[in-house]
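*Asks:* Numbering (the UniProt record's numbering), first residue to last: 1 to 196. Just so it is clear, CB atoms sit at the ideal spot from N, CA and C, and this is done for glycine as well.
Now the structure itself:
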């Protein structure tokens, strides 16, 4: 297994691989995402266009089997910045984690921990961020597509030092697997203080 760290436009050769990975992993509960390669390329361009973005790629041979992304919150879309502004946070002090996606057969091997550690270390090296943050979709406990054995990642995130901030909420639009059109999905943020 090889881990590669790339910044900004250096990710361009891997955008198609990342798009396929996101489409595969996010089809699973709780995201149930029914996306397209075209949308994924546009979404990932936000990261490729940010010179201080970070991509942590996990490769098995030449195959991208996992990835984690991050960038300064100031470079993110307004859907992600707005809740922080509304609650009195300065988005310029937040380093935002876009996603951690890993194919099922590679989970439980320590790569998820490595994804967090690499992004946190990078944010600390940049030297101007007080917190790292990410958001997660909220699904009801009785959601009809929730697998019986589903385990939310809340405990994993808490062990990494992240705390849920339910007052920091946003909505993001996508089409679920069983939907005919996009609908708003509620999302809330988790934060970890990284400033000394």
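If contact is defined by three or more beta carbon pairs under 8 Å, each pair taking one atom from either stretch, is the segment 125-132 in contact with the segment 165-176?
*Replies:* no
*Asks:* Start and end of the alpha helix (DSSP H) containing residue 124?
*Replies:* Locating residue 124 in the chain shown gives position 124, where the first residue counts as 1. Where residue 124 is concerned, the enclosing alpha helix (DSSP H) stretches over 111-126.
*Asks:* CB residue 186 to CB residue 125, shorter than 8 Å?
*Replies:* Mapped onto the chain shown, residue 186 falls at position 186. Mapped onto the chain shown, residue 125 falls at position 125. It is not a contact, given that the beta carbons lie outside the stated cut-off.
*Asks:* Leaving out the 5 sequence neighbours to the left and right, which residues in its chain are closer than 7 Å to residue 88 when beta-carbon positions are compared?
*Replies:* Residue 88 sits at position 88 when you count from the first residue of the chain shown. Closer than 7 Å at the Cβ level, and outside the excluded window around residue 88, lies no residue.
*Asks:* Roughly how many angstroms lie between the CA atoms of residue 191 and residue 152, to the nearest whole one?
*Replies:* Counted from its first residue, the chain shown places residue 191 at position 191. Counted from its first residue, the chain shown places residue 152 at position 152. Going from the Cα of residue 191 to the Cα of residue 152 covers about 17 Å.
*Asks:* Under the assumption that residue 115 contacts residue 74 (Cβ atoms under 8 Å), give the Cβ distance between them as a whole number of angstroms.
*Replies:* The count along the chain shown starts at 1 and reaches residue 115 at position 115. The count along the chain shown starts at 1 and reaches residue 74 at position 74. In fact, because the Cβ distance is near 22 Å, the residues do not count as touching under 8 Å.
*Asks:* Using the Cα positions of residue 198 and residue 117, report the straight-line distance between them to the nearest angstrom.
*Replies:* An answer regarding residue 198 cannot be provided, because it is not within the stretch 1 to 196 covered by the chain.
*Asks:* Which class does residue 73 belong to by DSSP, given the choice of helix, strand or coil?
*Replies:* Position 73 of the chain shown, counted from the first residue, corresponds to residue 73. Three-state DSSP puts residue 73 in a helix.
*Asks:* Helix, strand or coil for residue 60, going by three-state DSSP, please let me know.
*Replies:* Against the chain shown, residue 60 aligns to sequence position 60. Three-state result, residue 60: strand.
*Asks:* Look at the alpha carbon of residue 133 and the alpha carbon of residue 72, and state the distance between them as a whole number of angstroms.
*Replies:* On the chain shown, residue 133 is found 133 positions in, with the first residue counted as 1. On the chain shown, residue 72 is found 72 positions in, with the first residue counted as 1. So the two alpha carbons sit approximately 10 Å from each other.
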